[in-house]
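Numbering (the working numbering), first residue to last: 1 to 293. Yeah, the Cβ is synthetic: ideal placement off N, Cα and C, and Gly gets one too.
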Amino acid sequence: MKLASADFTWPGLRPEFVFDLIRELDLDGVSMAFYGGWSPRTPQLIAQDPEGWGERVAGELGARGLGAADTFCVMSAELAPLAVNHPDPAQRAEADALFEPFTRFARRAGSGGVTLLPGLVFGGEPWRAALERAAEGLKRRVEVARAAGLRCSVEPHIVSTHPYAGSVIDTPAKAAALLELVPGLELTLDYGHFNVQGIPDREVEPLLAHARHVHVRGGARGLVQTKFADNVTDVGRILDVLARQGYDGWVEIEYVHDERPGCSDCDPIQEIQRFRDFIRAHERAAGRSQEEQ
């Protein structure tokens, strides 16, 4: 199982330094996030020279023996501006124009796919209206990604924890509904966005069949993130189900440090190491370790 970490675990640091840190953690790759208005490298910056940036990032990763586990494209860190299902057609068109060069960058950087956010429910509108608008936008994204030789996935997620609301797909049933509307769309799956709501693993598990990319971190009801010791997500079962399904993607150990419940209580380095060691030990015990293949 190929293991990665997210570069946005350490915001404000130079990307090259973060790549060094991920290499020091003995991981195989980097999940790179590009947040408009927040990260050092944004979709807007990448669009100015996608091939040049792709070559640069591929070189930075290659020099450290790291792979491009994923490219996470968020047009605006505020989430609503330029959302794939923004009610304003001009906002959607601007986001579409940024996405095509981003796919050229991602391909040149060595990534096999792109992760997107699925869209939001705006201004109290009916959920179905937001969903259908998201589906139309994501159909275009899937086609553009495919033309660049990439797979395209969205991450089901929550936005607000009081109440759990905002994202157009914040439950397994809603995620399944979106997949039905968008042929070729896949998932970047993080059980934590469901566990925090009290949704049990068994309700999330059917979504693994649609996973292109998988996030792992500690999770529990009421907490966006937990320490390894407090985790209730059955990570071993996730790994076993993925193996049975022939999953060939990355497992990203994703820890962040912010003010959401549980996210300021964890030392990302220690928790990444604990999950890294658990996953590798589990894979060895199951006869699936990379060393034995």
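Roughly how many angstroms separate the alpha carbons of residue 34 and residue 144, rounded to a whole number? 18 Å
Taking C-beta to C-beta, are residue 178 and residue 134 nearer than 8 Å? yes
Does the Cβ-Cβ distance between residue 249 and residue 209 come in under 8 Å? no
Tell me, to the nearest whole angstrom, how far the beta carbon of residue 113 is from that of residue 215; I am working on the premise that it is less than 8 Å. Not quite, the Cβ-Cβ distance comes to about 14 Å (not below 8 Å), so this is no contact.
For residue 107, does the count of other Cβ atoms within 10 angstroms reach 16, so buried, or fall short, so exposed? buried
Would the beta-carbon of residue 256 fall within 8 Å of that of residue 9? yes
Output the distance between the C-alpha atoms of residue 230 and residue 48, rounded to the nearest integer angstrom. 44 Å
Would you kindly check if the distance between the Cβ of residue 46 and the Cβ of residue 81 is under 8 Å? no
Residue environment, residue 162, which counts as buried when at least 16 other CB atoms sit within 10 Å: Because the pLDDT at residue 162 is just 49, under 50, the model does not fix this residue reliably, and the value given afterwards should be weighed accordingly. Classification of residue 162: exposed, given that the 10 Å Cβ count is below 16.
Less than 8 Å between the beta carbons of residue 57 and residue 93, yes or no? no
In the DSSP output, which residue or residues are listed as bridge partners for residue 190? 215
I'd like to know whether the C-beta atoms of residue 187 and residue 156 end up nearer to each other than 8 Å. yes
Can you tell me the Cβ-Cβ gap for residue 170 and residue 115, rounded? I've got them flagged as a contact below 8 Å. The pair is not a contact, with the Cβ atoms about 16 Å apart (cut-off 8 Å).
Could you tell me the alpha carbon to alpha carbon distance between residue 224 and residue 7, rounded to whole angstroms? 19 Å
By the DSSP assignment, the beta strand (DSSP E) with residue 103 in it spans what residues? Counting along the chain, residue 103 falls outside any beta strand (DSSP E), though it belongs to the alpha helix (DSSP H) covering 89 to 109.
Alpha carbon to alpha carbon, what distance is there between residue 218 and residue 89? 38 Å
Could you tell me the alpha carbon to alpha carbon distance between residue 308 and residue 17, rounded to whole angstroms? Residue numbering for the chain in the displayed model covers 1 to 293; residue 308 lies beyond these limits and cannot be assessed.
I think residue 167 touches residue 120, with their Cβ atoms under 8 Å apart; what is that distance to the nearest whole Å? 6 Å
Do residue 198 and residue 221 have their CB atoms nearer than 8 Å? yes
Pull up the CB-CB distance for residue 68 and residue 29, whole angstroms please, since I reckon it's below 8 Å. 6 Å
Distance check for residue 32 and residue 61, CA to CA, integer angstroms please. 11 Å
With 16 other CB atoms within 10 Å as the buried threshold, where does residue 137 fall? buried
CA-CA distance, residue 65 and residue 19? 10 Å
Rounded to the nearest angstrom, what separates residue 233 and residue 75 at their Cα positions? 30 Å
Using the C-alpha atoms, what's the distance from residue 122 back to residue 41? 27 Å
Three-way DSSP call (helix, strand, coil) for residue 250 in this model: strand
Residue interval of the alpha helix (DSSP H) (run including residue 275): 268 to 285
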